[in-house]
Amino acid sequence: MLSVELHVHSSLSYDGRDSVELILEQAEAVDLDAIAVTDHDEIDASLEAAERASEYGLVGIPGIEISTKAGHVLGLGVDEAIPPGLSYETTIERIRDQGGLAVIPHPFQESRHGVMGRISREELAKGDAIEVYNSRLLTGRANRQAERFAKSRNLPMTAGSDAHISEMVGQAITRVDADERSAEAILEAIRRGKTSVEGKRTPWHISVRQFAGGVTRRVRSGLLGLMGPGSP
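In this note's numbering, the protein residues as written are 30 to 261.
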């Protein structure tokens, strides 16, 4: 069984903080086997992480967290960014067109762009897998809802730390029974439901820090955008 982290944000995300190097160092330190960096609507850092992962004894899986009209969808195993703002169904199609896996993260956490505020349960079941444990939780209720739903539809289940700072990488992992130690084998095993999940809650003070850092970066980015090119 391989220990895989499937939901991490780098500084390329508007609410992420750390570099690819720090993320990979942490993944190595906590004995992960594989990792996917999944930035918001950006893929360059993920491609870098996938390319450099072997330097740290890891398997790198390229990925992205896409902002659909319904909410967030993870595309794993994709090499090109999928534009935000598409419909939920079209986004899943675009992921599969690249041979990727469409994982629906924190679907019942509507305050964090979970999709269930805008789609039906039948539509949710069209995903290739459901993230049933996200370590950025308050009560755990949304995770339990996701797990019950995935089990009721016999859908593959994953976990992810949803780390926005490197220290939280590995807080939640997916155990994957893959035939070999490669990105392709890991994704195929997830597709076939050969997974189990483990996770710990992100400490509340770190969740607050991650949230506050994201707000600061969004404000700074917005101000620079208003000031135009060449601004300090």
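In this text, a Cβ means the ideal position worked out from N, Cα and C, and glycines have one as well. Note that the coordinates shown come from a computational prediction; the quantities given were computed from them, not determined experimentally.
(1) Output the boundary residues of the alpha helix (DSSP H) element that contains I219.
(2) So which of I202, R210, K223, R220 has the shortest CA-CA distance to T231?
(3) Span of the alpha helix (DSSP H) holding L76?
(4) Rounded to a whole number of angstroms, what is the C-alpha to C-alpha distance between L51 and Y85?
(5) Thinking D126 and L87 are a contact (beta carbons under 8 Å), I'd like their distance in whole angstroms, please.
(6) Can you tell me whether DSSP reads G89 as helix, strand or coil?
(7) Just curious, the beta strand (DSSP E) that T203 is in, first and last residue?
(8) Quick check on A188: does DSSP put it in helix, strand or coil?
(9) Residue range of the beta strand (DSSP E) that A65 falls in?
(10) If I measure Cβ to Cβ from L53 and keep anything under 8 Å in the same chain, skipping five residues before and after, which residues do I get?
(11) State the CB to CB distance for the pair A158 and I219, rounded to an integer number of angstroms; the pair is presumed to be in contact (CB under 8 Å).
(12) Among the candidates S225, A171, T168, E196, whose CA atom is the shortest distance from the CA of A58?
(13) Count the other C-beta atoms from every protein chain shown that fall within 10 angstroms of the C-beta of E94, then say buried if there are 16 or more, exposed otherwise.
Short version:
(1) Working through the sequence shown from its first residue, we reach residue 219 at position 190. Start and end: 212-220.
(2) Counting from 1 along the sequence shown, the entry for residue 231 is found at position 202. The option with the nearest alpha carbon to T231 is I202.
(3) For this step, residue 76 is matched to residue 47 along the sequence shown. From DSSP, the alpha helix (DSSP H) with L76 extends over 73-81.
(4) By one-based count along the sequence shown, residue 51 stands at place 22. By one-based count along the sequence shown, residue 85 stands at place 56. So the two alpha carbons sit approximately 11 Å from each other.
(5) Your numbering for residue 126 matches position 97 in the sequence shown. Your numbering for residue 87 matches position 58 in the sequence shown. Incorrect: roughly 27 Å between the Cβ atoms, too far for contact.
(6) In the sequence shown, residue 89 corresponds to position 60, counting from 1. Of the three classes helix, strand and coil, the one that applies to G89 here is strand, per DSSP.
(7) Taking the sequence shown and counting its residues from 1, one reaches residue 203 at position 174. Its beta strand (DSSP E) spans residues 201-205.
(8) Along the sequence shown, one-based indexing puts residue 188 at 159. Three-state result, A188: strand.
(9) Position 36 of the sequence shown, counted from the start, is the residue given in the question as residue 65. For A65, the uninterrupted beta strand (DSSP E) run begins and ends at 63-66, by DSSP.
(10) One-based indexing of the sequence shown puts residue 53 at position 24. Correct list, in chain order: I64, A78, R81, A82, E84, Y85, L87.
(11) Residue mapping note: residue 158 aligns to position 129 of the sequence shown, counting from 1. Residue mapping note: residue 219 aligns to position 190 of the sequence shown, counting from 1. With 8 Å as the limit, A158 and I219 qualify as a contact, their Cβ atoms being about 6 Å apart.
(12) In the sequence shown, counting from the first residue as 1, residue 58 sits at position 29. Closest by alpha carbon: E196.
(13) Position 65 of the sequence shown, counting from 1, holds the residue named residue 94. Residue environment: E94 is assigned as buried (16 or more neighbouring CB atoms within 10 Å of its CB, all protein chains considered).
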